[in-house]
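One structure is given here, and the rest of the page talks about it.
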Amino acid sequence: MHKFKELEIWKQSKLFCSDIYNLTSSFPDHEKFGLTNQLRRASVSIPSNIAEGTSRSSNKEFCRFLEIALGSCYEVETQLLISYDLGFIKPESLEELNLKINAVIKMITRFKSTLIQPDKSEF
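Convert by adding 94 to the 1-based position in the sequence shown; the result is the number in this note's numbering.
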């Protein structure tokens with residue numbers, strides 16, 4: 095069992111979530127229940143699923159929650175691109191957030207690979 099507060103992937107994804115909240119606070123009011131809500135929910139899902147996965151009894155179960163967190167990363171990435179297309183995000187903000195979300199994606203992927211052990215019964 096892992097202590098989620100000690101995991102760098104959890105720390106970085108939590109900071110990224112704060113970045114998303116700060117960014118979306120400047121979105122138009124008519125997007126409150128649209129992209130603002132979607133981006134916030136997807137970004138909250140990333141550290142939340144990492145934390146929930148740490149409570150599971152096996153690495154296989156934990157990996158499933160890391161996969162869900164990765165899915166949320168890709169949701170956020172897509173929603174940021176749509177927000178940019180609609181003029182809600184400046185190019186430099188998009189670039190900065192893309193760098194951050196891609197770093198989180200790489201961290202989750204690397205960490206997940208350390209949890210997966212080959213099945214010794216196959217040998």
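The beta carbon of each residue, even a glycine, is placed where N, CA and C say it ideally should be. Keep in mind it's a predicted model, so treat the numbers as computed, not measured.
Between K206, L160, A136, which has its C-alpha nearest L174's C-alpha?
Among K206, L160, A136, the Cα nearest to that of L174 is on A136.
Buried versus exposed, by CB contacts within 10 Å (16 or more), F127
exposed
Within a Cβ cutoff of 8 Å, which residues of the same chain sit near E161, ignoring the five residues on either side of it in sequence?
K206
Between which two residues does the alpha helix (DSSP H) carrying G147 extend?
129–148
Examine the ligand NAD and report whether any of its heavy atoms sits within less than 8 Å of the Cβ of C157.
Looking at this structure, you won't find the ligand NAD or any other ligand, since it has none at all.
Exposed or buried, which one is P122 when buried takes at least 16 other CB atoms within 10 Å?
Under a 10 Å Cβ-count criterion, P122 is classified as exposed, with fewer than 16 other Cβ atoms of the shown protein chains found around its own Cβ.
Would you check if the segment 161–171 and the segment 136–146 touch, i.e. whether three or more CB-CB distances between them fall below 8 Å?
yes
I'd like the list of long-range same chain contacts for T118, defined as Cβ closer than 7 Å, with 5 residues on each side in sequence excluded.
T130, L133, R134
Roughly how many angstroms separate the alpha carbons of N143 and I195, rounded to a whole number?
For N143 and I195, the distance between alpha carbons rounds to 15 Å.
Are the beta-carbon atoms belonging to L101 and N153 less than 9 Å from one another?
No, Cβ-Cβ distance for L101 and N153 is not below 9 Å.
Name the residue from K200, W104, E171, F156 whose alpha carbon lies nearest to the alpha carbon of I114.
E171
Boundaries of the alpha helix (DSSP H) in which G165 is found, first to last residue
153–179
By the 10 Å Cβ neighbour count, where 16 or more other Cβ atoms means buried, how is G147 classified, buried or exposed?
buried
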